[in-house]
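Visitor: This is the structure I want to talk about, given as structure tokens.
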Amino acid sequence: MNDDMTPLETAHINDTEITPEIVAEHGLKPNEYEKIVAHMGRTPNMTELGVFSVMWSEHCSYKSSRKWLKKLPVSGPQVIQGPGENAGVIDIGDGDAAVFKMESHNHPSFIEPYQGAATGVGGIMRDVFTMGARPVANMNALRFGDPSHPKTRHLVAGVVHGIGGYGNCIGVPTVGGEVNFDSCYNGNILVNAMCVGLARTDKIFYAAATGIGAPVVYVGSKTGRDGIHGATMASAEFDDASEEKRPTVQVGDPFTEKLLLEACQELMASDAIIAIQDMGAAGLTSSSVEMADKGGVGIVLDLDKVPCRETHMTGYEMLLSESQERMLMVLKPGREPEAEAIFLRWGLDFAVVGSLTDTGRMVVHHEGRMIADMPLEPLADGAPEYDRPFTPTPLAPQIDASHADDTNITDALKTLMGCSEIASRRWIYEQYDSMVMGDTLAGPGGDAALVRVHGTQKALAISTDVTPRYCLAQPVEGGKQAVAEAYRNISATGATPLAITNCLNFGNPERPEIMGQFVECLEGMGAACEALDFPVVSGNVSLYNETNGQGINPTPAIGGVGLIEDLEKAVGNAFSQADRYIFVLGK
Amino acid sequence: MQASVIVFPGSNCDRDVAICLEAATGKKPNMVWHGDSDLPDSDVIVLPGGFSYGDYLRCGSMAANSPIMKEVVLKAQKGAAVLGICNGFQVLTECGLLPGVLMRNAALNFVCRNTRLIVDNNTTPFTGLYQQGEEVIIPVAHNEGNYFADDETLNELSGEGRIVLSYAPDDNPNGACRNIAGICDSSGLVLGMMPHPERRAEAALGGEDGKRMFTGLVEALS
Amino acid sequence: MKATVKITLKHGVLDPQGKAIEKSLGQLGFSGVNEVRQGKLIELDIDADTPEAAEKQITEMCEKLLANTVIENYDIQLNLAD
Amino acid sequence: MKATVKITLKHGVLDPQGKAIEKSLGQLGFSGVNEVRQGKLIELDIDADTPEAAEKQITEMCEKLLANTVIENYDIQLNLAD
Ligand SMILES: Nc1ncnc2c1ncn2[C@@H]1O[C@H](COP(=O)(O)OP(=O)(O)O)[C@@H](O)[C@H]1O
Chain R
1 MNDDMTPLET
11 AHINDTEITP
21 EIVAEHGLKP
31 NEYEKIVAHM
41 GRTPNMTELG
51 VFSVMWSEHC
61 SYKSSRKWLK
71 KLPVSGPQVI
81 QGPGENAGVI
91 DIGDGDAAVF
101 KMESHNHPSF
111 IEPYQGAATG
121 VGGIMRDVFT
131 MGARPVANMN
141 ALRFGDPSHP
151 KTRHLVAGVV
161 HGIGGYGNCI
171 GVPTVGGEVN
181 FDSCYNGNIL
191 VNAMCVGLAR
201 TDKIFYAAAT
211 GIGAPVVYVG
221 SKTGRDGIHG
231 ATMASAEFDD
241 ASEEKRPTVQ
251 VGDPFTEKLL
261 LEACQELMAS
271 DAIIAIQDMG
281 AAGLTSSSVE
291 MADKGGVGIV
301 LDLDKVPCRE
311 THMTGYEMLL
321 SESQERMLMV
331 LKPGREPEAE
341 AIFLRWGLDF
351 AVVGSLTDTG
361 RMVVHHEGRM
371 IADMPLEPLA
381 DGAPEYDRPF
391 TPTPLAPQID
401 ASHADDTNIT
411 DALKTLMGCS
421 EIASRRWIYE
431 QYDSMVMGDT
441 LAGPGGDAAL
451 VRVHGTQKAL
461 AISTDVTPRY
471 CLAQPVEGGK
481 QAVAEAYRNI
491 SATGATPLAI
501 TNCLNFGNPE
511 RPEIMGQFVE
521 CLEGMGAACE
531 ALDFPVVSGN
541 VSLYNETNGQ
551 GINPTPAIGG
561 VGLIEDLEKA
571 VGNAFSQADR
581 YIFVLGK
Chain Z
1001 MQASVIVFPG
1011 SNCDRDVAIC
1021 LEAATGKKPN
1031 MVWHGDSDLP
1041 DSDVIVLPGG
1051 FSYGDYLRCG
1061 SMAANSPIMK
1071 EVVLKAQKGA
1081 AVLGICNGFQ
1091 VLTECGLLPG
1101 VLMRNAALNF
1111 VCRNTRLIVD
1121 NNTTPFTGLY
1131 QQGEEVIIPV
1141 AHNEGNYFAD
1151 DETLNELSGE
1161 GRIVLSYAPD
1171 DNPNGACRNI
1181 AGICDSSGLV
1191 LGMMPHPERR
1201 AEAALGGEDG
1211 KRMFTGLVEA
1221 LS
Chain W
2001 MKATVKITLK
2011 HGVLDPQGKA
2021 IEKSLGQLGF
2031 SGVNEVRQGK
2041 LIELDIDADT
2051 PEAAEKQITE
2061 MCEKLLANTV
2071 IENYDIQLNL
2081 AD
Chain A
3001 MKATVKITLK
3011 HGVLDPQGKA
3021 IEKSLGQLGF
3031 SGVNEVRQGK
3041 LIELDIDADT
3051 PEAAEKQITE
3061 MCEKLLANTV
3071 IENYDIQLNL
3081 AD
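Chains R, Z, W and A, in that order, give the protein sequences. Here the working numbering is used: position 361 in the first sequence is 361, and no number is missing along the way. Here the working numbering is used: position 117 in the second sequence is 1117, and no number is missing along the way. Here the working numbering is used: position 19 in the third sequence is 2019, and no number is missing along the way. Here the working numbering is used: position 39 in the fourth sequence is 3039, and no number is missing along the way.
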């Protein structure tokens, strides 16, 4: 295949010689590079190296975590789609399905809090609406550094504005979340966004591309040089220098996303779509590789057709760009005109950028030459999987409670009420539109949020929970507790807990003690999910949350979803009347 | 009674208000796309909340210039009732049907919460079912709801009873001049308001204070 | 032809953003900063045969869309170098 | 001393507002308008002994607060007439 490459006329990015430095800049280890060469049967060119680097990044490949994720319980009669798709899907009766997922946008939010958080919200909503669901609720789990740290204020303000700026504009209520402050997040904040959508069980859309010759279609916004290397950035430890590097930040455009949502819903009402996937991290690359790989086909792309916002973009840049508000679809052949009409009416770009082949390879053309030709299997399933060494977390020392008796209870209570951990979050959640769509039965301020299934008496209960301090002290118990807390919060509204998503935020997995936290938290989570019949249907892993060698506390955020059949039976958390009994349950 | 809801790209309370209108009128409202130049005959036209055109440039500015607004202005001149809620209020000031302008909230934050409102004028077709001076609870959700106009205009509005709704003095969420939450034109048929009556029109959603606006409208216009 | 339109709040119109910036600057330790006002800048490229034609067009854009003349002033600058 | 700070998006950074304004102008019948970009204008009055001192202070304000230097450029103009 290599011989087909057009002879080189002018300096082309692919003419650059691949040196060990270039390999390292792409975040690839020397042995990983050797594997790439073996898979290719030759030296990759720059474009191919770029594609491998993003597909094999921790963010896309889950290379350190896959082994452990496989152990989580993922099935149950309520599960329609477990992990592996854009989002998980559960059955909520009467032909209705809840579609949900949680995802991190930690590093981008540290660099540019407003846009980082905004694009995090935009990305997770696309994951949900690509499945055919209409997003009905957003949640977020935020972790910031010490309130007195000089950066914290700026980061909190930016992140909260960004979440609101995106969610409020698109018109999906933000119904809850959690916020903690701890110095371990000083240099590494966590911004985890969750989205829940509703679909009909017979109208779920998947990413697997089938049908040799079927057109591959690009829709949404134009491609710019946004966030190139974002995916690799999300997988590399931070140091002070990378803040200076200032990668081109992705800017969110919620207005366009709203149009994209409506246009997709309109096209989804027909049967023209074979497969659809959002262009998230590693944009065009990961979406085309994943779609083709899942369907067991090949794909050929013509980058000259890709709508671009900037001039002279190289193929490398187009493949790696993380411009927002874009989707890739495979349509039934011949259905392009009707799809195009819909997207144009909504003022969005639409372009046929390729087609499916039977080669099992991804072939990319640009400006009259073939710039990449690579086997799909090693890009996706064939990515490295590591069984990283780990050390168990030593038992935390007992807290010395001997002086507790000297404390005046009232003073202690006042201190507690005033501490940043417990203080009211109203100032945050009032900046989010929690009521739009007219189905929010219980918004922020309670245990779990309650969102009515539009037009029915049913409601979804949603909660995000984790207590990183517990996970640090005893990861197994902390993992269990996070799941149990989500379960309790959902139960407390009167709903039956059904399934969870998660966002596993940890430090550098190449350090055995961090890996130990990861392994043990997952063990606890898995055990709790098993015991409670509360399976995991989607999730996300964010590793390397470290700055200058200081890792964050293990923070496996859980997003739980439950169902209440009759919303008349829902209960709030207020003591609503005098002269009522108060019971304490449990032990 | 026939209602129409104008849908701009980026409107996001169009469905919510349509549900309230249908409940009050017993008929589905027409949903009219902003790009249309044809507006079916309607007794009331609603400009819904949301972020038309992403709220870019100035809230409501681009929507005010869309083709359908020419029709809305014509119909208003011919006596149709027009209700602008939130972003719809911003559109009404931008297109000149109502005076003044909605600026960025004084605290520079988006604010979504219940507010206590005082009905200052119950003689408009929108407020007939409220008592004069009654305090009601209706939520707001906006980033630019800080009503501003020069003193002359404000005096005129006060003097003519055109301040229809105001925030309770200790509950002004955005810094609006004279606690203004909603104003009407001199005919009383065009009302712009920042709070969202459609979000409080059902007991399950916390209360029904907003519902009377829609049922009252039906009573007044039929 | 490239042009820049400056849109500023009229005198006497409250400017919450300007006020907030002024306060923040004070908190950051910058003293002696007053009368902070925030406006908008719109840059565009317009096909026009003459500067006069360009200016006329842009004035119309300002009146119709770019500025809210109830509260804002605008000022058009053509970049004749291009 | 009066000063004006122009804050514009860096080249290549997506400008959703500019894009929307451009489209809207097209719909209003203005043709041949391209590359619309929206920026901010900040006007202020600063106590400073020399123009250099003023410029230095304002530069610091831009870096710290006024501009988001990750995605924005700034340009300072002093109005020496005052
Ligand atoms: N980032 C956030 N976004 C939206 N709502 C939030 C956020 N953080 C906290 N909340 C809401 O504030 C309330 C209190 O939060 P928290 O103290 O974390 O709850 P709890 O400890 O009871 O789980 C909850 O209802 C929660 O949904």
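All residues carry an ideal CB built from backbone N, CA and C; glycine is no exception.
Whose CA, out of Z/P1029, Z/L1021, Z/D1036, Z/T1025, lies closest to the CA of Z/P1009?
Guide: The residue labelled residue 1009 of chain Z in the question sits at position 9 within the second sequence. Ranking Z/P1029, Z/L1021, Z/D1036, Z/T1025 by Cα distance to Z/P1009 puts Z/D1036 first.
Visitor: Relative to the C-alpha of Z/V1164, which residue among Z/A1181, Z/N1012, Z/L1129 is closest?
Guide: Along the second sequence, read from residue 1 onward, the residue named residue 1164 of chain Z stands at position 164. Ranking Z/A1181, Z/N1012, Z/L1129 by Cα distance to Z/V1164 puts Z/A1181 first.
Visitor: For R/F518, count the other beta carbons within 10 Å of its own beta carbon; 16 or more makes it buried, fewer makes it exposed. Which is it?
Guide: Your numbering for residue 518 of chain R matches position 518 in the first sequence. Flag for R/F518 reads buried.
Visitor: Going by DSSP, what residues sit across from Z/G1026 in a beta bridge?
Guide: Counting from 1 along the second sequence, the entry for residue 1026 of chain Z is found at position 26. In DSSP, Z/G1026 forms no bridge with anything.
Visitor: With DSSP as the reference, identify every bridge partner of Z/Y1147, one or two as the case may be.
Guide: For the purposes of this step, residue 1147 of chain Z is taken as residue 147 along the second sequence, with counting starting at 1. Bridge partners of Z/Y1147: Z/L1102.
Visitor: Between which two residues does the beta strand (DSSP E) holding Z/C1112 run?
Guide: Walking along the second sequence from the start, residue 1112 of chain Z turns up at place 112. Taken as a continuous stretch (DSSP letters only), the beta strand (DSSP E) holding Z/C1112 covers 1111 to 1119.
Visitor: So for R/C184, helix, strand or coil by DSSP?
Guide: As a first step, residue 184 of chain R is located in the first sequence; it is residue number 184 there, counting from the start. It is helical.
Visitor: Using 10 angstroms around the beta-carbon of R/P215, count the other beta-carbons present and answer buried if the total reaches 16, otherwise exposed.
Guide: As a position in the first sequence, residue 215 of chain R is number 215, starting the count at 1. Flag for R/P215 reads buried.
Visitor: Which residue's Cα is closest to the Cα of Z/S1061: Z/D1041, Z/L1097, Z/N1114, Z/N1172?
Guide: The sequence position of residue 1061 of chain Z within the second sequence is 61, counting from 1. The residue with the shortest Cα to Cα distance from Z/S1061 is Z/L1097.
Visitor: With DSSP collapsed to three states, give me the class of R/E17.
Guide: If you number the first sequence from 1, residue 17 of chain R lands on position 17. DSSP places R/E17 in coil when its eight states are reduced to three.
Visitor: Can you check whether the CB of R/D182 is closer than 8 Å to the CB of R/P468?
Guide: By 1-based counting over the first sequence, the position of residue 468 of chain R is 468. By 1-based counting over the first sequence, the position of residue 182 of chain R is 182. Going by C-beta atoms, R/P468 is nearer than 8 Å to R/D182.
Visitor: Distance cutoff 8 Å, beta carbons only. Does R/D240 sit that close to anything in chain A?
Guide: For the purposes of this step, residue 240 of chain R is identified with residue 240 of the first sequence, where counting begins at 1. Confidence is the limiting factor: at R/D240 the pLDDT is only 48, short of 50, which leaves the residue's position unreliable, though a coordinate-based value still follows. Taking Cβ atoms only, chain A never reaches closer than 8 Å to R/D240, which makes this a no.
Visitor: Can you list the residues of chain R that Z/I1019 reaches, using a CB-CB cut of under 9 Å?
Guide: Taking the second sequence and counting its residues from 1, the one referred to as residue 1019 of chain Z is at position 19. The contacting residues are G438.
Visitor: Starting from Z/E1160, follow the alpha helix (DSSP H) in both directions and report where the run begins and ends.
Guide: Indexing the second sequence from 1 puts residue 1160 of chain Z at position 160. Segment: none, Z/E1160 is in no alpha helix (DSSP H) and carries neither H nor E.
Visitor: For W/P2016, which residues in chain Z fall below 9 Å Cβ to Cβ?
Guide: Here residue 2016 of chain W refers to the residue found at position 16 of the third sequence. Near W/P2016 (Cβ distances below 9 Å), the residues of chain Z are M1103, R1104, N1105, A1106, A1107, L1108, N1146, G1175.
Visitor: Check whether the Cβ of A/G3029 lies closer than 8 Å to any Cβ atom in chain R.
Guide: Counting from 1 along the fourth sequence, the entry for residue 3029 of chain A is found at position 29. With 8 Å as the cut-off, A/G3029 does not count as an interface residue toward chain R.
Visitor: Give me the Cβ distance between Z/S1004 and Z/L1047, rounded to the nearest whole Å; I'm assuming they're in contact under 8 Å.
Guide: For the purposes of this step, residue 1004 of chain Z is identified with residue 4 of the second sequence, where counting begins at 1. For the purposes of this step, residue 1047 of chain Z is identified with residue 47 of the second sequence, where counting begins at 1. Not a contact, Cβ separation roughly 10 Å.
Visitor: Can you pull the DSSP bridge partners for Z/H1142?
Guide: One-based indexing of the second sequence puts residue 1142 of chain Z at position 142. Answer by DSSP bridge pairing, in chain order: Z/V1111.
Visitor: Against chain W, does Z/P1009 count as a neighbour if the rule is that its beta carbon must be under 8 Å from one of theirs?
Guide: Sequence index remark: in the second sequence, residue 1009 of chain Z carries index 9 (1-based). No, Z/P1009 lies away from the interface with chain W (no Cβ there is under 8 Å from its Cβ).
Visitor: Can you tell me which of the three DSSP states R/H403 falls into?
Guide: Numbered from its first residue, the first sequence carries residue 403 of chain R at position 403. R/H403: helix per DSSP, three-state reduction.
Visitor: Given this structure, state the Cα-to-Cα distance separating R/Q398 from R/D146, to the nearest angstrom.
Guide: Walking along the first sequence from the start, residue 398 of chain R turns up at place 398. Walking along the first sequence from the start, residue 146 of chain R turns up at place 146. If I take the Cα positions, the gap works out to 24 Å.
Visitor: State the CB to CB distance for the pair A/L3066 and A/A3003, rounded to an integer number of angstroms; the pair is presumed to be in contact (CB under 8 Å).
Guide: Indexing the fourth sequence from 1 puts residue 3066 of chain A at position 66. Indexing the fourth sequence from 1 puts residue 3003 of chain A at position 3. About 11 Å; that fails the 8 Å criterion.
Visitor: Skipping 5 residues on each side, what residues in its chain have a beta carbon closer than 6 Å to that of R/H365?
Guide: One-based indexing of the first sequence puts residue 365 of chain R at position 365. Excluding sequence neighbours, R/H365 sits near D302.
Visitor: Leaving aside the five residues before and after W/D2075 along the sequence, list all residues of the same chain whose C-beta is less than 6 Å from its C-beta, in chain order.
Guide: Counting from one through the third sequence, the residue named residue 2075 of chain W turns up at place 75. The residues are K2006.
Visitor: Considering only the alpha carbon of each residue, which of R/V453, R/M374, R/L504 lies closest to R/R42?
Guide: As a working mapping, residue 42 of chain R is identified with position 42 in the first sequence. For R/R42, the nearest C-alpha among the options comes from R/M374.
Visitor: Quick check: the Cα distance between R/A531 and R/V483, rounded to an integer number of angstroms?
Guide: Position 531 of the first sequence, counted from the start, is the residue given in the question as residue 531 of chain R. Position 483 of the first sequence, counted from the start, is the residue given in the question as residue 483 of chain R. R/A531 and R/V483: Cα-Cα distance of roughly 10 Å.
Visitor: Beta carbon of W/F2030, beta carbon of A/M3061: below 8 Å?
Guide: Residue 2030 of chain W sits at position 30 when you count from the first residue of the third sequence. Residue 3061 of chain A sits at position 61 when you count from the first residue of the fourth sequence. It is a contact, given that the beta carbons lie within the stated cut-off.
Visitor: Chain A partners of R/R126, CB-CB under 8 Å?
Guide: As a working mapping, residue 126 of chain R is identified with position 126 in the first sequence. Here the premise fails: no neighbours, minimum Cβ distance about 16 Å.
Visitor: For R/V37, is the classification buried or exposed, using 16 other Cβ atoms within 10 angstroms of its Cβ as the cut-off for buried?
Guide: In the first sequence, the residue the question calls residue 37 of chain R occupies position 37. R/V37 should be labelled exposed.
Visitor: Please list, in chain order, all residues of the same chain as R/L28 whose beta carbon is under 6 Å from its beta carbon, the five residues on each side excluded.
Guide: On the first sequence, position 28 is the one that residue 28 of chain R refers to. Here the set comprises S53.
Visitor: Sorted by chain position, which residues of the same chain lie with C-beta nearer than 8 Å to W/G2026's C-beta, five sequence neighbours on each side aside?
Guide: Numbered from its first residue, the third sequence carries residue 2026 of chain W at position 26. Excluding residues within five positions, the ones whose Cβ falls inside 8 Å are V2033.
Visitor: Span of the alpha helix (DSSP H) holding R/E336?
Guide: Looking up residue 336 of chain R in the first sequence gives position 336. Note, R/E336: alpha helix (DSSP H), 336 to 345.
Visitor: Give, in chain order, every unbroken run of the beta strand (DSSP E) that is at least 3 residues long and sits entirely within the region 260 to 308 of chain R.
Guide: Within the region 260 to 308 of chain R, the complete beta strand (DSSP E) runs of at least 3 residues are 273 to 278, 298 to 302.
Visitor: With respect to the alpha helix (DSSP H) encompassing A/S3024, which residues constitute its N-terminal and C-terminal limits?
Guide: Residue numbering aside, residue 3024 of chain A sits at position 24 when the fourth sequence is read from its first letter. 3016 to 3027 is the extent of the alpha helix (DSSP H) around A/S3024.
Visitor: Z/A1024: buried (16+ other C-beta within 10 angstroms of its C-beta) or exposed?
Guide: Mapped onto the second sequence, residue 1024 of chain Z falls at position 24. So Z/A1024 counts as buried.
Visitor: Residue range of the beta strand (DSSP E) that R/P135 falls in?
Guide: Counted from its first residue, the first sequence places residue 135 of chain R at position 135. From DSSP, the beta strand (DSSP E) with R/P135 extends over 134 to 144.
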